[in-house]
Amino acid sequence: MNVAVIGSGYVGLVTGTCLAEIGNCVICIDNDEKKIETLKRGEIPIYEPQLEKLVKKNMDKERLSFSTSIKEGVSRAK
Numbered sequence: 005m006n007v008a009v010i011g012s013g014y015v016g017l018v019t020g021t022c023l024a025e026i027g028n029c030v031i032c033i034d035n036d037e038k039k040i041e042t043l044k045r046g047e048i049p050i051y052e053p054q055l056e057k058l059v060k061k062n063m064d065k066e067r068l069s070f071s072t073s074i075k076e077g078v079s080r081a082k
């Protein structure tokens, strides 16, 4: 399934990563451009056990991506 998660803070990032980990293609969206650029580099701005490892793993498998565009996220979600 293709999923868009609006908000890439603590709840959105963890939720999106877990959804990607179970096989969904997830795009996490946030209006904070600096946060999205940080996440695209694989740098995680919050602490949650194993989160950084899971984000990188799912980004590498192209199941997790980040954007500032709600339009892009919604168009990719099904």
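Each number in the numbering used here corresponds to the 1-based position in the sequence shown with 4 added.
Glycine is no exception: its CB is placed at the ideal position from the N, C-alpha and C atoms.
Residue i classed as buried or exposed, judged by whether at least 16 other C-beta atoms fall within 10 angstroms
i	result
Ile40	buried
Ser12	buried
Rounded straight-line distance, which links the Cα of residue j to that of residue i
i	j	result
Thr21	Lys38	19 Å
Ile50	Tyr14	7 Å
Arg67	Lys75	19 Å
Met63	Val7	14 Å
Val18	Leu55	7 Å
Lys60	Gly27	14 Å
Ala81	Thr42	23 Å
Glu52	Gly16	13 Å
Residue i, enclosing alpha helix (DSSP H) - first and last residue
i	result
Asn35	Careful: Asn35 lies outside any alpha helix (DSSP H) and carries neither H nor E.
Met76	The identity of residue 76 in the sequence shown is Glu, whereas the question assumes Met. Start and end: 74 to 80.
Delimiting residues of the beta strand (DSSP E) encompassing residue i
i	result
Ser71	68 to 71
Asn62	Per DSSP, Asn62 belongs to no beta strand (DSSP E); it is in the alpha helix (DSSP H), 55 to 64.
Ala8	6 to 10
8 Å contact criterion, which residue i and residue j should meet: CB distance rounded
i	j	result
Gly77	Ile31	5 Å
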